[in-house]
Each structure stands twice: as structure tokens, then as C-alpha cells.
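J.: One structure, pasted below without further comment.
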Amino acid sequence: MKLCVLVKQVPGSESALRIASGNTWVEDAAALFEMNESDNYALEEALQIKESLGNDSEVVVVSMGPERVQKVIREALSKGADRGIHINEIPEIKSDPFATAQVFANVIKVENFDLIFSGLQSDDVGSGQTGVILGEMLGMATATLVMATEVQEGSIKVKRELESGWFQWVSMSTPASITIQSGINQPRYPSLKGIMGAKKKEMKVVDLSTAVTIEKQQSFANIYLPIADKKTEMIEGNVDQMVSRLVDVLKTEIKVL
Amino acid sequence: MDILVVLENNNGAIHRMSLEAIVAAQKLADEQNLSNAILAIGADSNALANAAAHYDTGEVLTAEHNLLSVYNSDGYAAALRQVIDQEKPSYVFFGHTYMVRDYVPKISAQLQRPFLCDVISLKTNDGLSFAKQAFNAKLAADLGVASEGTILVSFQSAAFNADLISSGSAEIREVAVELDEGMIKTTAEEPFQEEAGGVDLTAAEIIISVGRGIGKEENLPIAEALAQAIGGEISSSRPVVDSGWLPSFRQIGSSGQTVSPKLYFALGISGAIQHVVGMKGSKNIVAINKDAEAPIFELADYGVVGDLLEIVPKLTEAILAAKN
Ligand SMILES: Cc1cc2nc3c(=O)[nH]c(=O)nc-3n(C[C@H](O)[C@H](O)[C@H](O)COP(=O)(O)OP(=O)(O)OC[C@H]3O[C@@H](n4cnc5c(N)ncnc54)[C@H](O)[C@@H]3O)c2cc1C
């Protein structure tokens, strides 16, 4: 079985975010990048499926972005993915899921993947559409918010998360594009051997910026700090002062002590 | 037709987030003098359409087919696409539900039109523009649209207030859609609920909720000690459950429980919308977070910027002392 995992490198949850000049993205230099959280779960799911199926299966990791994204591709290779494809960034489409999917579709259609995995949404743009649009462009079945998979010859059954603790099993024939929800598995850490081995694995670099027409649909026109609409009392001072004010609040204002 | 609102069925009634989308459409129609309509699709569409006909809207449409009686993304996408082709709305509005996440991107792909999702506001001052959260709610973005044609828009929960819906009376019209089994690539089983768990968090007066900021499982007793001192239940954000540190029935948020206690302590929780929808009804929210810019502070009544690992043990001590 040929498995594809889309991974994205995004500013991590502890990263500083400085709005870059032009106000359409954040400064690269200030950010602390990591693999997008749900992509890490998607990768783990693909690796577990490959391991359960046996050796002739292949996991290919694909990422689009500037050169730094090779770091997350290497990380995936060190965890057990077989090869990587790095698609050079096309800056104008960074915040457009449709155009992003179009680029992925162009690059991977020749691979004839049985399954494409991606995280259910990215932590930067947060549109949660790329995996579905890509599947649709490639004529695949799709399913989102997946919390379990059962792979059979020529088909896959997935457990989809619905709202408020409800779930539903959905089956489909492959090829299929599946978006993975966090918590589906416990992602592994790379082993030292894996890290050494990853250096020898193939990483193909693809530049598409001039090769295909990309129909950009939407973009971040202007980014800014959100405007707060609720008045919060910020409790200040040293730790002891803050604690004593908090106890005061609990006693006299919220009245729970 | 200018604006079409697509209803979602929630156990035979109109989903609350669809009502919010109707409010968005009514506001936009009012401000820009546009026509609007509401579409009920799939199972129960007649009941939903009858309910929607009592709102202020140009007309109510129904799209029914036996292949839509159980939700499936291909059938819904194909049916709605046919309605869009026939009615040519400029905007199609949805609530940003899990179902909308699942099928609307397909329509975007098929029509080659943008799907502006999880929108938090619409602005009409300088032409029409939509805004969404970005970078995990730490920033907001006004969205630009590249070309002319139908725009699909889904609104974040509570972006508009369903209570502000205006009443009216509208005619119902059926729109024919043609589907065949070959279009539908998935087979769905009945939805089910997983183990409800031992505690009813909705009944708790005081909730101590921990987020990823707790750092590691070994730090959980710090929060548990506070819960014990103050007489509260422990809950958490999703990453804590994902890591296996707490069982899933303690998760608060869109895929977990919704609570509205007298006091909600958010310890090391950033305030992502999927968490916030589960706790924003709390009477008092106290947030402790080391990041002064964390979105949770937009919601909290009381905010403390600092390291919870340092503050919480001292708070527990002080509470125990105050009680004696
Ligand atoms: C479809 C969907 C459904 C989801 N459902 C849910 C859901 O039901 N419930 C839910 O919670 N999430 C849900 N999520 C995930 C949600 O988007 C967020 O990722 C999640 O809520 C973040 O959890 P967090 O705040 O604990 O972690 P983070 O966002 O990583 O925040 C950690 C916070 O801790 C602070 N911190 C770190 N160390 C310390 C310290 N020592 N002292 C004080 N503060 C510290 C940081 O400043 C940060 O603000 C869902 C997401 C999607 C896409």
C-alpha cells in the first residue's frame, strides 16, 4: 500500500508571533517552528498502518514551504517514513487551502497513493480544508476528524468524531484522503537509529511556482491582534500578592470560600 | 438570490449554529439591501423548512432525495452544488459545524470557489469583508477573495447571537436535485456515544481545568490539590486527554462536555475556540497563564499572568489557611 502524509511546519504553541511588514503573515525569524500537531498524529497513524501491513508498504511525507520545512520532513523520516517530497513555497498561496491543494494534487497525482493522511487543520491558517479538497481533486473518497482506522485490502473504515462525544464509523474504498484528529494514537519519538537512518533517505525537492497555473481563491489580506471585548481584572504584583488577591476574590466576589 | 443560508439538522430541529448563520444573513441583507433565502437539505427537510418559514427571509427552499436521508459528504456536496448552480447565490452561509467541515470543502473544490471558514465577523464599512482567527486565535485575519462568483462562508459558534433572529413569514419551494448511488463513495453506520464516565461535570459548582501548560502528568496533583482544597472537580483541555493524562470524559469543549459552573479555573489553557465553547457560560472564569497574550484572558473575569506550577500550590495553601 502506498501511503502519503501531508505535514506542515507551523509556529509552535509556545512560539512568539510578530506580525511581519505587509501585515499578511508573521515574521519567520521570531517564530519557533514545529510539526503541526494533528499532522504528527496523521504521520503516526500512517506509520502504524504500514507496520501492520508489512514491508512492501511505503510512507511518503510531503510538505510545502521554504527550505526550513525539510526539518519536519527529516523528523518524519527519522520516525520511519520512507521518503520525502519538499515542495518549494509559493508565498502568495500560504493562506489559501484551495491553491495549496492544487499544488499538492499536481505533485502527487503521479504517485497513485492508496491513502492520503493529513492533520485535520493547521495551527497557523486553521482552515481544515486542504485534505478534503485534495481528495476531491484526485477523485478520492474523503473523511474528516478521524479517531480510528481499520485498513483492509482495497478499503478503509474510519471512526469519525462528531460533536459532544459522539462518533460514527464510515467505510470507503481506497483511494481515500483522510484527515486525522489529535488523540487518535500516541505519536512516537524518533530513535537515535532512526535519526541516523533518515539522513540517507530520499528527499526530493520540487519547484512548481512556474510550472502550473494556480487559482488562488482567498488570502489573509490583513492580520492584527484580536480586539478584546470583555473587561478582565488582571491581578498583578508578586506571587504572594497575587495569591492573596485571588483568595480575596474567591471569598468576597465569587463567594466560594 | 444574494444570500443562501444552509440549515443543519440537529435531532429534527434547526441547529443553533444555523440560526446564528441566519442572523448573519439577516444583518447583511439589511445593511446592504440584499435578498436572502434559507435551504433545508436531507432528512427532516420539511420540518426544518416549516420552522424556518417563520423567520424573516425571502423564501425557504428544500432539497430532498432518498440518498440524503443519512448524512454523507458526497451526497450533501452534490446536492448543494446543484442548488447553487440553479439559484446562483452570491454568498452561501453555514455554521462552522463538524459536518460543514466535512462536506463544504468538496463544494469549494468542485465549484473552484473560496470557502471562508470559521469566520468570526463580517464588516460592511468598506465593501464586504470577513475575518477569521489565525495562529491559534492569537491573531485575527481579514480575508481577501481573489475573484468574482459564489463565496461559501461558515461562521464560528457564537459569532452571531441566535436570540437576535427576526421573525417573518416565507413561502417554501422545493428544488429538484438529481443524485445517483455512483456519486457516493462512503457508507456510514449509526452514530454512537462513547463511555459517559464516572462524573457529571455539568453538575459541578467549581471546576479546576488543566491545559497543556501543566507540562507533564506528574504535575497533575498540583491541580488536584487545589480542587480538593476548594471542593471542585478536575477537567481538562483536549491535549491533556490526547496525552492520556486524564480520561476523555473530563474533556471540556466542542468534542467533550459543556459546563457552566459558578467558578471555572483555567490553568495553563490558551483559550482555543473549541475549548471555549465548552466553558464560556461559566459564571466566573479565573485564568492562570504565563503568556499575557493568551486568548483566554479575553474571556476571563480574573486573570493572573504567571507560572501555574509556582502559583497554584501557594494558592492551595492560602485557601486551606483561609478556610481554617
Ligand atoms: C475539531 C476540533 C475539536 C476540538 N475539540 C476540543 C475540545 O473539545 N476541547 C479542547 O480543549 N480542545 C479541543 N480542540 C483543540 C483546541 O483547538 C486546542 O488545540 C486546545 O484546546 C489547546 O489546549 P491547551 O489550551 O491546553 O493547549 P495550548 O493551546 O498549547 O495552551 C497551553 C497554554 O499553557 C500556557 N502555559 C504553558 N506553561 C505554563 C505554566 N507553567 N504556567 C502557566 N501557563 C502555562 C501557555 O502560555 C498556553 O497558553 C479541538 C480542535 C479541533 C480542530
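One line per chain: the protein sequences are A and B, in this order.
1 is the number of the first residue of the first sequence in this note's numbering; add one for each residue after it.
1001 is the number of the first residue of the second sequence in this note's numbering; add one for each residue after it.
Every residue, glycine too, gets a C-beta built ideally from N, C-alpha and C.
None of the values given here were measured: they were computed from a predicted structure.
State yes or no: is the C-beta of residue 1307 of chain B within less than 8 angstroms of the C-beta of residue 1286 of chain B?
T.: Counting from one through the second sequence, the residue named residue 1307 of chain B turns up at place 307. Counting from one through the second sequence, the residue named residue 1286 of chain B turns up at place 286. No, Cβ-Cβ distance for residue 1307 of chain B and residue 1286 of chain B is not below 8 angstroms.
J.: Which chain B residues sit within Cβ distance under 8 angstroms of residue 220 of chain A?
T.: Residue numbering aside, residue 220 of chain A sits at position 220 when the first sequence is read from its first letter. Near residue 220 of chain A (Cβ distances below 8 angstroms), the residues of chain B are 1134, 1141, 1142, 1143, 1144.
J.: Does ligand 1 have even one heavy atom less than 7 angstroms from the beta-carbon of residue 228 of chain A?
T.: Position 228 of the first sequence, counted from the start, is the residue given in the question as residue 228 of chain A. Residue 228 of chain A: no, Cβ never under 7 angstroms from ligand 1.
J.: What does a CB cutoff of less than 6 angstroms around residue 1025 of chain B pick up in its chain, not counting 5 residues either side in sequence?
T.: Mapped onto the second sequence, residue 1025 of chain B falls at position 25. Same-chain partners within the cutoff: 1003, 1005, 1036, 1093.
J.: Examine ligand 1 and report whether any of its heavy atoms sits within less than 7 angstroms of the Cβ of residue 1307 of chain B.
T.: To locate residue 1307 of chain B, count along the second sequence from 1; it is residue 307. Yes - ligand 1 has a heavy atom lying nearer than 7 angstroms to the Cβ of residue 1307 of chain B.
J.: Starting from the C-beta of residue 74 of chain A, find all residues in its chain whose C-beta is less than 7 angstroms away, skip the five residues before and the five after it, and write them out in chain order.
T.: In the first sequence, residue 74 of chain A corresponds to position 74, counting from 1. Answer for residue 74 of chain A: 198, listed in chain order.
J.: State whether the stretch 165–176 of chain A contacts the stretch 132–148 of chain A, with contact taken as three or more CB pairs (one from each stretch) at a distance under 8 angstroms.
T.: A contact exists between the stretch 165–176 of chain A and the stretch 132–148 of chain A.
J.: Within 10 Å of its beta-carbon, does residue 1105 of chain B have 16 or more other beta-carbons around it, so buried, or fewer, so exposed?
T.: Along the second sequence, one-based indexing puts residue 1105 of chain B at 105. Burial call: buried.
J.: Hey, residue 8 of chain A and residue 56 of chain A: beta-carbon distance below 8 angstroms or not?
T.: The residue given as residue 8 of chain A occupies position 8 in the first sequence. The residue given as residue 56 of chain A occupies position 56 in the first sequence. No.
J.: Could you pull the DSSP bridge partners for residue 1132 of chain B from this structure?
T.: Counting from 1 along the second sequence, the entry for residue 1132 of chain B is found at position 132. BP columns for residue 1132 of chain B point to B:1119, B:1141.
J.: Please state whether DSSP places residue 86 of chain A in a helix, a strand or coil.
T.: In the first sequence, counting from the first residue as 1, residue 86 of chain A sits at position 86. Three-state DSSP puts residue 86 of chain A in a strand.
J.: Is the CB-CB distance between residue 1319 of chain B and residue 1265 of chain B below 8 angstroms?
T.: Taking the first residue of the second sequence as position 1, residue 1319 of chain B is located at position 319. Taking the first residue of the second sequence as position 1, residue 1265 of chain B is located at position 265. No; because the gap between Cβ atoms is not below 8 angstroms, this pair is not in contact.
J.: Considering only the alpha carbon of each residue, which of A:206, A:143, A:212, A:253 lies closest to residue 70 of chain A?
T.: Along the first sequence, one-based indexing puts residue 70 of chain A at 70. The shortest C-alpha separation from residue 70 of chain A is found at A:206.
J.: Tell me whether residue 71 of chain A counts as near ligand 1, meaning its Cβ is closer than 7 angstroms to at least one heavy atom of that ligand.
T.: The residue labelled residue 71 of chain A in the question sits at position 71 within the first sequence. Outside the cutoff, so no.
J.: Could you check if residue 240 of chain A belongs to the surroundings of ligand 1, using beta carbon to heavy atom distance under 7 angstroms?
T.: Within the first sequence, numbered from 1, the residue matching residue 240 of chain A stands at position 240. Checking the Cβ of residue 240 of chain A against ligand 1 gives no.
J.: Say whether chain B places a C-beta atom closer than 8 angstroms to the C-beta of residue 28 of chain A.
T.: In the first sequence, counting from the first residue as 1, residue 28 of chain A sits at position 28. By this cut-off, residue 28 of chain A is not an interface position.
J.: Taking 8 angstroms as the threshold, find out whether the stretch 1220–1236 of chain B comes into contact with the stretch 1160–1171 of chain B through three or more Cβ pairs.
T.: As far as the Cβ criterion goes, the stretch 1220–1236 of chain B does not touch the stretch 1160–1171 of chain B, which means the pair count is below three.
J.: Residue 941 of chain B: buried (16+ other C-beta within 10 angstroms of its C-beta) or exposed?
T.: Past the boundaries of the shown model lies residue 941 of chain B; chain B is included only from 1001 to 1324, so the question cannot be answered.
J.: Kindly indicate the opening and closing residues of the beta strand (DSSP E) around residue 1092 of chain B.
T.: The residue given as residue 1092 of chain B occupies position 92 in the second sequence. Residues 1091–1095.
J.: Return helix, strand or coil for residue 234 of chain A, following the three-state DSSP convention.
T.: Here residue 234 of chain A corresponds to residue number 234 of the first sequence, with the count starting at 1. Here residue 234 of chain A sits in strand by DSSP.
J.: Quick check: is the beta carbon of residue 34 of chain A nearer than 8 angstroms to any beta carbon in chain B?
T.: Sequence index remark: in the first sequence, residue 34 of chain A carries index 34 (1-based). False, the Cβ-Cβ gap to chain B never drops below 8 angstroms.
J.: Return the residues of the stretch 1290–1306 of chain B that lie within a Cβ-Cβ distance of less than 9 angstroms from chain A, sorted by chain order.
T.: Per Cβ criterion, the list reads 1291, 1292, 1293, 1295, 1297, 1298, 1299, 1300, 1301, 1302, 1303, 1304, 1305, 1306.
J.: For the alpha helix (DSSP H) containing residue 1017 of chain B, name the first residue and the last one.
T.: Translated into the one-based positions of the second sequence, residue 1017 of chain B becomes position 17. First-last of the alpha helix (DSSP H) with residue 1017 of chain B: 1016–1032.
J.: To be precise: take each residue of the stretch 1231–1245 of chain B, compare its Cβ to all Cβ atoms of chain A, and keep it if any distance is under 9 angstroms. Which residues remain?
T.: Here the close residues are 1231, 1232, 1238, 1239, 1241, 1242, 1243, 1244.
J.: Quick check: is the beta carbon of residue 111 of chain A nearer than 8 angstroms to any beta carbon in chain B?
T.: Translated into the one-based positions of the first sequence, residue 111 of chain A becomes position 111. Chain B contact via Cβ: absent.
J.: Give me the Cα-Cα distance between residue 163 of chain A and residue 1182 of chain B, rounded to the nearest whole angstrom.
T.: Within the first sequence, numbered from 1, the residue matching residue 163 of chain A stands at position 163. Within the second sequence, numbered from 1, the residue matching residue 1182 of chain B stands at position 182. If you take the alpha carbons of residue 163 of chain A and residue 1182 of chain B, they lie about 28 angstroms apart.
J.: For residue 1284 of chain B and chain A, any beta-carbon pair shorter than 8 angstroms?
T.: For the purposes of this step, residue 1284 of chain B is taken as residue 284 along the second sequence, with counting starting at 1. Yes, residue 1284 of chain B lies at the interface with chain A (some Cβ there is under 8 angstroms from its Cβ).
J.: Does DSSP put residue 1277 of chain B in a helix, in a strand, or in coil?
T.: Position 277 of the second sequence, counted from the start, is the residue given in the question as residue 1277 of chain B. In this structure, residue 1277 of chain B counts as coil in the three-state DSSP scheme.
J.: Taking the alpha-carbon positions, what's the residue 110 of chain A to residue 1047 of chain B distance?
T.: Taking the first residue of the first sequence as 1, we reach residue 110 of chain A at position 110. Taking the first residue of the second sequence as 1, we reach residue 1047 of chain B at position 47. Those two C-alpha atoms are separated by around 47 angstroms.
J.: How about residue 961 of chain B and residue 126 of chain A: do their beta carbons lie closer than 8 angstroms?
T.: No answer is possible for residue 961 of chain B: the residues shown for chain B start at 1001 and end at 1324.
J.: Would you say the beta carbon of residue 1162 of chain B comes nearer than 7 angstroms to a heavy atom of ligand 1?
T.: If you number the second sequence from 1, residue 1162 of chain B lands on position 162. Because no heavy atom of ligand 1 lies under 7 angstroms away, the Cβ of residue 1162 of chain B does not count as near it: no.
J.: Can you find a CB in chain E that lies within less than 8 angstroms of the CB of residue 1016 of chain B?
T.: The structure shown contains no chain E; its protein chains are A and B.
J.: For residue 1192 of chain B, is the classification buried or exposed, using 16 other Cβ atoms within 10 angstroms of its Cβ as the cut-off for buried?
T.: As a position in the second sequence, residue 1192 of chain B is number 192, starting the count at 1. So residue 1192 of chain B counts as exposed.
J.: Since residue 118 of chain A and residue 100 of chain A should fall inside the 8 angstroms C-beta cutoff, what is the C-beta to C-beta distance between them, to a whole number of angstroms?
T.: Mapped onto the first sequence, residue 118 of chain A falls at position 118. Mapped onto the first sequence, residue 100 of chain A falls at position 100. About 11 angstroms separates the two Cβ atoms, so there is no contact after all.
J.: Which residues, in chain order, does the stretch 1164–1192 of chain B contribute to contact with chain A at a C-beta distance below 8 angstroms?
T.: Listed by position along the chain: 1185, 1186, 1187, 1188, 1189, 1190, 1191, 1192.
J.: When you compare the CB positions of residue 228 of chain A and residue 24 of chain A, do they come within less than 8 angstroms of one another, or not?
T.: Here residue 228 of chain A is taken as the residue at index 228 of the first sequence, counted from 1. Here residue 24 of chain A is taken as the residue at index 24 of the first sequence, counted from 1. Taking 8 angstroms as the Cβ cut-off, residue 228 of chain A and residue 24 of chain A do not qualify as a contacting pair.
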